[in-house]
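Asks: Below are the structure tokens for one structure; questions will follow.
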Amino acid sequence: MSEIKIISTSEELKSIREKIQSQLSKSNTFDSIGFVPTMGNLHRGHLSLLSHALKNHRYIFFSIFVNPKQFGPNEDYHKYPRTLDKDVQLIEEEIKKFGQQQQQQPLSQPQPQQQPTQPPTIFIFAPSLATEIFPQGYDTEVKVGEITKILCGCSRPTHFQGVTTVVYRLFALIRPAVAYFGLKDYQQYLVIKKMVEDLLLPIEVVGLPIVRDHDGLALSSRNIYLSPEERVEALVLPQTLTKIKNEILDGRKNNNTINLLLEKAAKIVKNDSRFEYLEILDGDTLSAASEESTKIIILGAFRVGNTRLIDNILI
Ligand code: AMP
């Protein structure tokens, strides 16, 4: 059975990380550190990141920290759900599930070349205070350029700087080999990749698919803000993205241009004030999509009542 340890201070984290360093083996890639950063209030989306990490690493750090720096002055920092006990329980259940799956694997099945020799050890890093991450006198920001100025960056001008600053600091504390992010926050994923590339950090950034509810709504910690009526209204977002996806796929057959669909999307945003943006972009660069784009992404931000939701579909 995997071991779980909860860490609430940076000092303890540093000391544990030092101990692990001496045990890391350079020859076995499973004997490495995986990292899953979150803000807690866990759902199946977060757990899918953990599930991936469990398959690949001997040591996993799972952080739960509601980062004040990534919230704007009028956003939901204070009311953001903080549910540590339940989160720990969900992590324990996921680990148990993983253990059972491991036991059920038939012995005859060919094993990957480098199997972990021991079950993974999971460290939940849940700082008890924001000063554990940003101590008194902390005065450095990490800011990525152009890619942070579009889409969510327009209505949340300091958001990505808050994200990269906390993720950089967590990377520095944990020094993982691989960090797992959800493609639900696609722009965030590309921003982190850019930071890692530009600052030459020796970390592999892995993006994993969006986990959705039975009716197509992307899972999000913020979905709990929705009233039953708003929960139904929220489906307009994935439904609109899916419709555009189907039109793009049909268009490929019928030679319709992306430009025509861009005009359609612009019209939707103009006529439906709930849409903050609805864009069809190149999936690698988030620049304008063209017929040459190998990956196309449709992204939307949508307000239901006071709740802002984001979603995307990659094709
Ligand atoms: P958060 O706690 O919202 O900061 O999210 C932590 C990580 O979980 C981020 O990398 C998110 O992209 C990822 N995540 C959130 N929701 C989902 C989802 N529905 N499917 C997959 N990943 C998700």
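In this note's numbering, the protein residues as written are 538 to 852.
For glycine and all other residues, C-beta sits at the position ideal for the given N, C-alpha and C.
In this text the structure is predicted, and so the values were computed from the model without any measurement.
#1: Cβ of Glu-540 within 7 Å of Cβ of Thr-658?
#2: Output the distance between the C-alpha atoms of Tyr-614 and Phe-697, rounded to the nearest integer angstrom.
#3: Can you tell me the Cα-Cα spacing of Thr-794 and Lys-801, whole angstroms?
#4: Comparing the CB of Lys-731 with every heavy atom of the ligand AMP, is any distance shorter than 6 Å?
#5: On the DSSP bridge list, what partners appear for Phe-660?
#6: Give the secondary structure of Phe-708 by DSSP, where H, G and I count as helix, E and B as strand, and everything else as coil.
#7: Report yes or no: do the stretch 673-690 and the stretch 560-573 share at least 3 C-beta pairs separated by less than 8 Å?
#8: Looking at C-alpha atoms only, which residue of Asn-783, Leu-798, Leu-786, Leu-550 is the closest neighbour of Ile-661?
#9: When you compare each of Gly-837, Ile-597, Ile-543, His-580 to Ala-714 by their alpha carbons, which one comes out closest?
#10: Taking 6 Å as the cut-off, does the CB of Leu-818 come closer than this to any heavy atom belonging to the ligand AMP?
#11: Taking Tyr-726 as the reference, which of Ile-628, Thr-685, Asp-752 has the closest Cα?
#12: Is the beta carbon of Glu-766 sitting closer than 7 Å to the one on Val-841?
#13: Just checking Ala-755 against the ligand AMP - is the residue's beta carbon closer than 6 Å to any of the ligand's heavy atoms?
#14: Label Lys-606 either buried or exposed according to how many other C-beta atoms from any shown protein chain fall within 10 Å of its C-beta, with 16 as the threshold for buried.
#15: Take Asp-722 and list the residues in its own chain whose beta-carbon comes closer than 8 Å to its own, dropping the five residues that flank it on each side.
#16: Taking 6 Å as the cut-off, is the CB of Gly-719 close to at least one heavy atom of the ligand AMP?
#17: Exposed or buried, which one is Gln-724 when buried takes at least 16 other CB atoms within 10 Å?
Replies: Inspection of the coordinates gives the following:
#1: yes
#2: 15 Å
#3: 11 Å
#4: no
#5: Lys-542, Phe-598
#6: helix
#7: no
#8: Leu-550
#9: Ile-597
#10: no
#11: Thr-685
#12: no
#13: yes
#14: buried
#15: Ile-847
#16: yes
#17: buried
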